[in-house]
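The structure appears below as structure tokens.
In full-length UniProt numbering, the protein residues as written are 1 to 458.
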């Protein structure tokens with residue numbers, strides 16, 4: 001039997017630790033006044049030297065390197081979008097589909113996970129059960145006896161949780177059809193997802209089509225006994241519209257839903273918070289998630305906790321959408337409603353995102369960090385972004401990233417020879433390394449320096 005949880009947010013009274021206590025209130029006010037005076041002085045100095053006028057000009061006109069990089073990026077993305085348009089058009093040709101569908105049916109796998117179909121086979125390796133049990137134990141009680149919860153001073157990256165969420169991020173690629181004729185097709189579309197989820201001991205439900213009739217969706221995975229809930233988004237590797245969203249960085253003001261997000265990627269933002277829909281629907285993803293979690297919490301059968309632990313994950317475009325969703329969840333946890341005792345019925349935990357595109361400007365980063373630190377310090381949250389194709393980062397740094405070295409063995413992952421070859425070709429290897437199977441390959445080969453003691457889940 002697991003020891004009782006130490007999560008203080010179960011208690012009726014608040015037991016959080018404010019960042020600024022009463023004894024330091026005066027010092028805080030003095031600091032704010034000092035910073036305000038310094039800001040005014042800096043603005044006056046800028047005005048006197050005339051750089052304020054120059055600053056009104058487009059910044060790239062004053063930065064030759066920035067201008068050159070912008071032009072190179074524009075040309076490069078145009079070429080890539082043209083190539084993706086051709087691929088998308090060719091993929092939809094009847095002759096191509098007639099050839100692909102028997103292969104997909106025989107292997108029971110979609111195009112996005114073709115490199116390693118065994119990623120979803122629970123019985124493919126004994127390690128999979130250990131990974132599942134360890135992740136379930138932590139996710140069901142993130143501040144309990146077996147977990148190593150984050151603190152105000154340090155954040156804890158859980159390798160087994162990242163593995164299970166990576167698998168779920170890849171799983172949503174297995175949807176057969178998009179959201180067209182939803183009522184008739186959704187049951188068929190989610191067949192593979194439900195099958196794999198059940199094999200791994202999970203239930204699944206589609207939550208939202210994310211304001212589009214293409215492939216992105218938000219799904220929820222949960223276990224009826226240990227009532228954690230995972231919400232994630234996925235996309236399609238041959239959908240031109242989604243490639244265009246990735247490569248077209250059009251800013252929009254996101255402060256309507258995300259406080260402090262002054263310039264955020266319009267494509268990602270509008271899929272979570274569609275602006276052209278009726279204002280009554282708003283960010284329909286959040287109310288739907290709340291209804292699902294409320295249904296789980298209200299069902300007394302088999303539930304051992306009075307709340308739902310929410311983890312968020314996604315890959316590629318899904319990672320960007322997951323980041324937007326998670327930013328809102330952190331900034332406004334009240335969106336998920338309260339239980340009968342007035343406490344939170346959904347506890348927003350961590351997010352694990354894989355291959356995340358650029359989401360916003362530095363102001364968005366500051367706003368996100370502020371939202372995280374404004375929450376109580378009894379359980380700080382973290383958004384983890386995993387990248388396999390990053391080559392410009394130094395091996396070691398004091399910044400907020402780290403390299404996970406290979407140390408130990410995980411489930412045996414053998415990619416087809418063609419992918420082994422593609423991983424060694426310039427430029428193309430970055431695309432191959434971005435595939436879900438490549439993330440699974442790398443994560444399952446990473447263990448701690450010391451032996452891992454797996455706890456029994458049940």
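Here a beta-carbon is modelled for each residue, glycine too, at the ideal position from N, C-alpha and C.
Separation of residue 140 from residue 436, as counted between CA atoms: On the chain shown, position 436 is the one that residue 436 refers to. On the chain shown, position 140 is the one that residue 140 refers to. Their backbone Cα atoms lie some 25 Å apart in a straight line.
Pair within 9 Å by beta-carbon distance, residue 169 and residue 319: Against the chain shown, residue 169 aligns to sequence position 169. Against the chain shown, residue 319 aligns to sequence position 319. It is a contact, given that the beta carbons lie within the stated cut-off.
Start-to-end residues for the beta strand (DSSP E) that takes in residue 464: For residue 464 there is no data in the structure shown, the boundaries of the chain being 1 and 458.
Alpha carbon of residue 407 to alpha carbon of residue 445, nearest angstrom: Here residue 407 corresponds to residue number 407 of the chain shown, with the count starting at 1. Here residue 445 corresponds to residue number 445 of the chain shown, with the count starting at 1. Here the model assigns residue 407 a pLDDT of 45, short of 50, so the residue's position is not dependable and the matter cannot be decided.
Length of the line joining the Cα atoms of residue 310 and residue 190: Here residue 310 corresponds to residue number 310 of the chain shown, with the count starting at 1. Here residue 190 corresponds to residue number 190 of the chain shown, with the count starting at 1. Those two C-alpha atoms are separated by around 21 Å.
Check whether residue 222 and residue 203 have beta carbons under 9 Å apart: Within the chain shown, the letter at position 222 stands for residue 222. Within the chain shown, the letter at position 203 stands for residue 203. Going by C-beta atoms, residue 222 is nearer than 9 Å to residue 203.
Buried or exposed (CB count within 10 angstroms, at least 16 for buried), residue 97: Within the chain shown, the letter at position 97 stands for residue 97. Burial call: exposed.
Cβ-based burial, residue 369 [other Cβ within 10 Å; buried from 16]: As a position in the chain shown, residue 369 is number 369, starting the count at 1. Counting Cβ neighbours within 10 Å, residue 369 comes out exposed, since fewer than 16 surround it.
C-alpha distance - residue 166 paired with residue 172, whole-angstrom precision: On the chain shown, residue 166 is found 166 positions in, with the first residue counted as 1. On the chain shown, residue 172 is found 172 positions in, with the first residue counted as 1. Between residue 166 and residue 172, the C-alpha separation is close to 11 Å.
Contact belief for residue 161 with residue 352 at Cβ below 8 Å, rounded distance in angstroms: The residue you call residue 161 lines up with position 161 of the chain shown. The residue you call residue 352 lines up with position 352 of the chain shown. Contact flag correct, Cβ pair sits at about 7 Å.
Straight-line Cα distance separating residue 68 from residue 230: Position 230 of the chain shown, counting from 1, holds the residue named residue 230. Position 68 of the chain shown, counting from 1, holds the residue named residue 68. Spanning the two alpha carbons is a distance of roughly 42 Å.
Burial state of residue 269, where buried means 16 or more other Cβ atoms lie within 10 Å: If you number the chain shown from 1, residue 269 lands on position 269. Looking at its Cβ environment, which holds 16 or more other Cβ atoms inside 10 Å, residue 269 is buried.
Three-state secondary structure (DSSP) of residue 434: Here residue 434 is taken as the residue at index 434 of the chain shown, counted from 1. Three-state result, residue 434: coil.
Pair within 9 Å by beta-carbon distance, residue 121 and residue 128: Indexing the chain shown from 1 puts residue 121 at position 121. Indexing the chain shown from 1 puts residue 128 at position 128. In this structure, residue 128 lies closer than 9 Å to residue 121 by Cβ.
Residue 147 vs residue 259 beta-carbon contact at 9 Å: Along the chain shown, one-based indexing puts residue 147 at 147. Along the chain shown, one-based indexing puts residue 259 at 259. The answer is no: Cβ separation not under 9 Å.
Supposed contact pair residue 115 and residue 419 - C-beta distance, whole angstroms, cut 8 Å: Here residue 419 is taken as the residue at index 419 of the chain shown, counted from 1. Here residue 115 is taken as the residue at index 115 of the chain shown, counted from 1. Confirmed, Cβ separation roughly 5 Å.
Host alpha helix (DSSP H) of residue 373 (start-end): The sequence position of residue 373 within the chain shown is 373, counting from 1. Per DSSP, residue 373 belongs to the alpha helix (DSSP H) from 362-374.
Whole-angstrom distance between residue 257 and residue 328, CA atom to CA atom: Position 328 of the chain shown, counted from the first residue, corresponds to residue 328. Position 257 of the chain shown, counted from the first residue, corresponds to residue 257. The straight-line gap from Cα to Cα measures roughly 7 Å.
Closest residue to residue 252 among 374, 363, 219, 103 (Cα-Cα distance): The residue given as residue 252 occupies position 252 in the chain shown. Measuring C-alpha to C-alpha distances from residue 252 to each of 374, 363, 219, 103 identifies 363 as the nearest.
Residue 101 versus residue 192 - alpha carbon distance: For this step, residue 101 is matched to residue 101 along the chain shown. For this step, residue 192 is matched to residue 192 along the chain shown. Distance between the alpha carbons of residue 101 and residue 192 is about 15 Å.
Residue 443 classed as buried or exposed, judged by whether at least 16 other C-beta atoms fall within 10 angstroms: Position 443 of the chain shown, counting from 1, holds the residue named residue 443. By the 10 Å Cβ count, residue 443 comes out buried.
Assigned exposure category for residue 315 - 16 Cβ within 10 Å defines buried: Counting from 1 along the chain shown, the entry for residue 315 is found at position 315. Residue 315 is buried by the Cβ-count criterion.
Beta-carbon separation (whole angstroms), residue 265 vs residue 359, contact threshold 8 Å: Translated into the one-based positions of the chain shown, residue 265 becomes position 265. Translated into the one-based positions of the chain shown, residue 359 becomes position 359. That belief holds up - the Cβ atoms of residue 265 and residue 359 are roughly 6 Å apart, short of 8 Å.
Where residue 197 falls: helix, strand or coil (DSSP): Residue numbering aside, residue 197 sits at position 197 when the chain shown is read from its first letter. Residue 197: helix per DSSP, three-state reduction.
Which of helix, strand or coil DSSP assigns to residue 313: Reading the chain shown from its first residue, position 313 is the one you call residue 313. Here residue 313 sits in strand by DSSP.
Span of the alpha helix (DSSP H), counted from its first residue to its last, around residue 421: Here residue 421 refers to the residue found at position 421 when the chain shown is read from its first residue. Run containing residue 421: 417-422, per the alpha helix (DSSP H) assignment.
Inter-residue Cα distance where the pair is residue 126 and residue 136: Here the question's residue 126 lines up with position 126 in the chain shown. Here the question's residue 136 lines up with position 136 in the chain shown. Using only the alpha carbons, I get a separation of about 16 Å.
Classification of residue 174 by the beta-carbon crowding that lies within 10 angstroms, buried from 16 upward: Locating residue 174 in the chain shown gives position 174, counting from the first residue. Buried.
Simplified DSSP assignment, three categories, for residue 78: Translated into the one-based positions of the chain shown, residue 78 becomes position 78. The answer is helix: DSSP assigns residue 78 an H, G or I state.
Residue 154 versus 206, 373, 130, 430, residue with shortest Cα-Cα distance: Stepping through the chain shown from its first residue, residue 154 is reached at position 154. Comparing Cα positions, the closest option is 373.
Enclosing alpha helix (DSSP H) for residue 132 [first to last residue]: Position 132 of the chain shown, counted from the start, is the residue given in the question as residue 132. Element bounds for residue 132: 126-140.
Per DSSP, the bridge partner or partners of residue 206: The residue given as residue 206 occupies position 206 in the chain shown. In the DSSP output, where bridge partners are listed per residue, residue 206 has 219.
Between the CA atoms of residue 80 and residue 427 - distance to the nearest angstrom: Working through the chain shown from its first residue, we reach residue 427 at position 427. Working through the chain shown from its first residue, we reach residue 80 at position 80. Cα-Cα distance, rounded: 12 Å.
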